[in-house]
Every structure is written in C-alpha cells, then in structure tokens.
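These notes concern the structure reproduced below.
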Amino acid sequence: MLEYDLIVCGAGPAGTMAAATAAQAGLKVALLEKRFLPRHKPCGGGTPMVMQSVLRDLAPEAVIESDVLYMRHTWNFADPYLAAINPPGSDHRLSIWMMQRPVFDNTLAQRAVQFGAELRDGLAVRSVTLDGDRVRVEAQAIRESGELAKRQTFVATARHVIGADGANGVTAKAANLQLRRSIALALEVEHPHQWGSGHVDLRPDVAHLEYGAVPRGYAWIFPKSDHLNIGAGVFRPRKGDTRADKQIRVELQRAIFAYMDALHIPYDADKMKFFGHPLPLWNGKQPLNTPDGRILLAGDAACLINPLFGDGILHAVKSGIVAATCVAEGTTVQYSDRIQTEFAANFDAALLLSRFFYRFPHLCYQHGVKNPRATRIATQLLSGEKSFDHLAGRAIRRIVSRSVRAIFPMSGAAPS
Numbered sequence: 030m031l032e033y034d035l036i037v038c039g040a041g042p043a044g045t046m047a048a049a050t051a052a053q054a055g056l057k058v059a060l061l062e063k064r065f066l067p068r069h070k071p072c073g074g075g076t077p078m079v080m081q082s083v084l085r086d087l088a089p090e091a092v093i094e095s096d097v098l099y100m101r102h103t104w105n106f107a108d109p110y111l112a113a114i115n116p117p118g119s120d121h122r123l124s125i126w127m128m129q130r131p132v133f134d135n136t137l138a139q140r141a142v143q144f145g146a147e148l149r150d151g152l153a154v155r156s157v158t159l160d161g162d163r164v165r166v167e168a169q170a171i172r173e174s175g176e177l178a179k180r181q182t183f184v185a186t187a188r189h190v191i192g193a194d195g196a197n198g199v200t201a202k203a204a205n206l207q208l209r210r211s212i213a214l215a216l217e218v219e220h221p222h223q224w225g226s227g228h229v230d231l232r233p234d235v236a237h238l239e240y241g242a243v244p245r246g247y248a249w250i251f252p253k254s255d256h257l258n259i260g261a262g263v264f265r266p267r268k269g270d271t272r273a274d275k276q277i278r279v280e281l282q283r284a285i286f287a288y289m290d291a292l293h294i295p296y297d298a299d300k301m302k303f304f305g306h307p308l309p310l311w312n313g314k315q316p317l318n319t320p321d322g323r324i325l326l327a328g329d330a331a332c333l334i335n336p337l338f339g340d341g342i343l344h345a346v347k348s349g350i351v352a353a354t355c356v357a358e359g360t361t362v363q364y365s366d367r368i369q370t371e372f373a374a375n376f377d378a379a380l381l382l383s384r385f386f387y388r389f390p391h392l393c394y395q396h397g398v399k400n401p402r403a404t405r406i407a408t409q410l411l412s413g414e415k416s417f418d419h420l421a422g423r424a425i426r427r428i429v430s431r432s433v434r435a436i437f438p439m440s441g442a443a444p445s
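Following our numbering, the numbering of the sequence shown begins with 30 at its first residue and continues without gaps.
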C-alpha cells in the first residue's frame with residue numbers, strides 16, 4: 030500500500046498546478062493521469078497572456094505557438110468585423126496566446142515532477158473512497174493501445190485527494206459532489222494549414238469567431254504554428270447535458286464545414302477527424318470539498334468554465350493552486366469558500382450575460398460585438414482585468430438602448 034500526503038487525479042492544468050504547488054510546499058504527491066503523456070486533449074487552446082503572471086518560471090516560447098492580436102468577428106460568415114485587441118490609445122499591450130494542450134499539459138506535468146511530484150501516467154482511477162482518516166484510491170493500468178491491463182493495479186492512500194479529472198472523472202461522483210451540472214459541448218478539428226493560403230485574414234495573429242451559424246453558441250478558428258484549430262460549440266444548453274442531444278453534433282459539424290468554405294480552406298470531408306469534448310459550465314455555487322475536507326475538486330471537475338466564453342484553462346490553473354495551498358495549510362474545509370470568493374460573483378454575472386447573449390445573438394452582434402471597444406473589453410474579461418459583475422447589467426442595458434435607437438432613429442426611443 031503506497032502512502033502519500035496528496036493524490037491528484039488528472040494531469041490537466043488544474044491537476045498539474047496542484048501537484049506542483051503541493052510538492053513545492055514539501056508534501057509527498059502522486060499525480061495520476063489516465064493516458065500516457067503527452068496525450069491528445071481536445072481544446073481550442075487559447076488563454077490570455079496573463080497566464081505568464083501565474084507561471085513566472087515557465088518561458089512562453091516553450092508552449093506558445095501564436096500570439097493573437099486581432100479578432101475577426103462574423104455573423105453567418107458575413108458582415109465581417111476585424112478588431113484589434115490593442116486599438117489606438119490602449120494603455121498597455123494584451124494578447125491571446127494559442128497553444129496545443131498536449132504540449133502545455135505535458136510541460137506542466139514535467140514541471141511538477143521537477144518540484145518533487147511523482148507522475149504516474151497510464152493509470153485510470155476506478156474508485157476513491159474514505160478509509161478512516163485517509164482516502165483510498167484504486168486505479169487500473171492502461172496499455173499504450175488504450176486497453177486495460179487487467180492485472181496491473183495501483184492502490185494508495187493519502188490524507189487528501191484533489192479531483193482534477195474533468196467532466197467524466199470519477200472523483201466528483203465518488204465524493205457525492207457536483208450533482209447539479211450544466212454540460213456544454215464543443216466539436217473541433219486540427220487541420221493542417223500553410224500560412225499565406227486561403228482567406229486574406231487567415232493570419233497567425235488573427236482569431237476568427239462566428240456567431241450566427243451555431244444556435245446558442247459560436248464557432249471559431251484559432252491559429253497554431255502549422256495548423257488551424259477549427260471548432261464550434263453550444264454554450265447555452267437547453268437541458269442540463271447537451272451530449273444527450275444527438276442532433277447537436279451534426280449541427281456543429283455543419284458549422285465547421287461552412288466556416289472552412291467561407292475562408293477558402295481546402296479539405297476532404299471523408300478524412301476529417303472530429304474531436305468532441307464536454308464543457309462543465311459554471312452553474313452557481315456548489316460544494317467543492319467534502320465536509321471533512323479530504324476530497325476537493327478543481328478545474329473542469331469543479332465546473333469552472335466561463336458560461337459565456339467557454340474558456341477554462343486559466344480558471345483551472347488558479348483553482349489547482351488554491352486547492353493545493355489549502356491542503357498544504359490544512360484549510361481544506363474552507364476550499365469551497367475560497368473558490369467562490371475567487372470566481373462566484375464574476376461567473377454569476379457571466380451566466381446572466383450568457384442568457385441574454387445566446388437568446389439575442391444577432392442583437393448582441395450588431396450592438397455589442399461590433400462596438401469598437403468590445404474586443405479589447407472581451408480580452409480584459411478573459412484576463413481578469415475587468416470583471417463581469419461590474420459590466421453585465423450595464424452591457425445589457427447598452428445593447429438594448431442601441432437596438433431601440435436603431436429601430437426608432439428619429440425619436441431615439443420606443444413609443445410608449
């Protein structure tokens with residue numbers, strides 16, 4: 030029986046940061062990952078450059094493939110609006126970093142190892158149970174082929190477990206946490222691309238966003254070093270779990286093909302390989318640690334995905350740090366409160382804005398997205414420089430006011 034101070038389930042951004050933080054604090058840490066690293070991870074791979082302030086010891090060039098300075102917005106692949114993240118008069122430079130998750134996650138995992146964490150990849154966690162004053166974790170070995178190695182098991186106990194095993198992980202269920210979930214769905218392809226071909230706005234410094242092709246969601250094209258990440262997602266589910274709607278996948282594939290056609294990107298539909306990934310959106314305050322503080326949830330497992338933008342990498346990193354800090358300090362029973370202090374007000378406001386945005390997307394496109402300041406403000410929201418709780422109500426009122434003036438230009442207001 031192996032014994033640790035902390036076992037972290039999942040080697041994504043939340044888990045790797047938790048493992049590194051705890052190991053730096055002198056704890057004996059095991060970091061478990063189902064697949065062998067580096068492994069493919071469906072994700073757009075965009076994160077604000079403020080990530081550098083969290084990972085000060087990590088050189089950006091180790092993981093960053095392109096530095097986005099512009100966003101090209103469209104409605105039904107028409108009415109394009111190319112906006113600078115740093116328009117004239119900006120007081121400081123902002124950008125969106127594009128990276129590949131297999132590279133990023135593996136880099137963070139090796140960083141955790143350098144700090145003293147024990148990485149055990151190729152282990153699928155099967156059960157997480159309380160065992161006296163400790164937590165028992167059992168995992169099954171996975172072969173390179175992806176098949177279970179039936180006679181190879183991992184059994185260990187720890188004082189604490191951090192579940193960073195995503196939307197499909199076992200930790201939340203085992204701990205009887207996160208029973209109220211709202212699952213969005215994204216579909217994407219990694220498509221080879223030679224820069225200089227296709228649409229004139231296909232550039233390494235431009236991210237493309239399309240709002241009219243996906244009901245209750247949006248599509249995107251993100252630039253990488255030698256390929257494009259092309260995807261579409263539904264971010265305002267009609268029901269709790271979008272995965273239950275089989276038609277959604279067809280709609281998302283259709284939007285991706287249409288986007289490629291609109292930007293003159295050649296492809297062979299029969300050879301396209303789509304990757305889907307569930308996105309557990311923030312759905313209000315919920316307990317993220319067991320009452321005894323033995324088990325904590327972080328990242329996607331804690332539903333820390335922004336309900337408007339669908340981004341989650343930076344939030345996962347922050348939550349992993351907070352979770353491990355609580356373990357090191359012996360304050361795990363306060364973990365839920367600390368996460369809610371960090372995210373709740375902002376995400377609750379983003380949830381309010383998402384309900385308006387995805388119900389009236391064309392209205393928001395014309396009078397919100399195409400506002401000259403909107404792209405920079407969106408980047409500031411992504412980076413945490415601005416907060417949704419200060420902007421949501423005002424943004425909705427402004428969009429409605431501009432819409433009314435557009436409909437009734439002579440009076441500037443609707444008739445009573």
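All C-beta atoms in this analysis are idealised placements derived from N, C-alpha and C, irrespective of residue type, glycine included.
From V157, S211, H220, residue whose alpha carbon lies closest to that of P295: As a working mapping, residue 295 is identified with position 266 in the sequence shown. Closest by alpha carbon: H220.
CB contact below 9 angstroms: G192 versus chain C: Considering every chain present, this structure includes no chain C. It has just one protein chain.
Beta strand (DSSP E) segments (min. 3 residues) lying fully within the region 232 to 290: 235 to 239, 246 to 252, 256 to 263
Integer-rounded CB distance, given that L60 should sit under 8 angstroms from A40: Here residue 40 is taken as the residue at index 11 of the sequence shown, counted from 1. Here residue 60 is taken as the residue at index 31 of the sequence shown, counted from 1. With a Cβ gap of about 6 angstroms, A40 and L60 count as contacting.
Contact between the region 143 to 160 and the region 33 to 49 (3+ Cβ pairs under 8 angstroms): yes
Top-ranked residue by Cα proximity to H306, from R64, I36, G73: Taking the sequence shown and counting its residues from 1, one reaches residue 306 at position 277. Among R64, I36, G73, the Cα nearest to that of H306 is on G73.
Backbone CA spacing between H121 and R155 [nearest angstrom]: Within the sequence shown, numbered from 1, the residue matching residue 121 stands at position 92. Within the sequence shown, numbered from 1, the residue matching residue 155 stands at position 126. Cα to Cα, H121 sits roughly 48 angstroms from R155.
Closest residue to N105 among T370, I428, Q395, S432 (Cα-Cα distance): As a working mapping, residue 105 is identified with position 76 in the sequence shown. Checked all of T370, I428, Q395, S432; the closest Cα to N105 is Q395.
Sufficient close CB pairs (3 or more, under 8 angstroms) joining the region 411 to 428 to the region 74 to 84: Taking one beta carbon from each stretch, the region 411 to 428 and the region 74 to 84 have 3 or more pairs nearer than 8 angstroms; the two touch.
Whole-angstrom distance between L35 and S160, CA atom to CA atom: Taking the sequence shown and counting its residues from 1, one reaches residue 160 at position 131. Taking the sequence shown and counting its residues from 1, one reaches residue 35 at position 6. Per the sequence shown, the amino acid found at residue 160 is Asp instead of Ser. Those two C-alpha atoms are separated by around 14 angstroms.
Residue range of the beta strand (DSSP E) that includes E94: In the sequence shown, residue 94 corresponds to position 65, counting from 1. Per DSSP, E94 is one residue of the beta strand (DSSP E) stretching across 93 to 97.
Extent of the continuous beta strand (DSSP E) to which Q169 belongs: As a position in the sequence shown, residue 169 is number 140, starting the count at 1. Per DSSP, Q169 belongs to the beta strand (DSSP E) from 163 to 171.
Span of the alpha helix (DSSP H) around F385: As a first step, residue 385 must be located in the sequence shown, where it is residue number 356. Here the alpha helix (DSSP H) through F385 covers 364 to 386.
Under 9 angstroms between C-beta atoms of P131 and R172: One-based indexing of the sequence shown puts residue 131 at position 102. One-based indexing of the sequence shown puts residue 172 at position 143. Contact: no.
Rounded separation between I285 and K302 - CA only: Mapped onto the sequence shown, residue 285 falls at position 256. Mapped onto the sequence shown, residue 302 falls at position 273. Approximately 12 angstroms, taken between the alpha carbons.
Length of the line joining the Cα atoms of H222 and D234: In the sequence shown, residue 222 corresponds to position 193, counting from 1. In the sequence shown, residue 234 corresponds to position 205, counting from 1. If you take the alpha carbons of H222 and D234, they lie about 14 angstroms apart.
Buried/exposed call for T182, threshold 16 Cβ in 10 Å: Reading the sequence shown from its first residue, position 153 is the one you call residue 182. By the neighbour-count rule (16 or more Cβ atoms within 10 Å), T182 is not buried but exposed.
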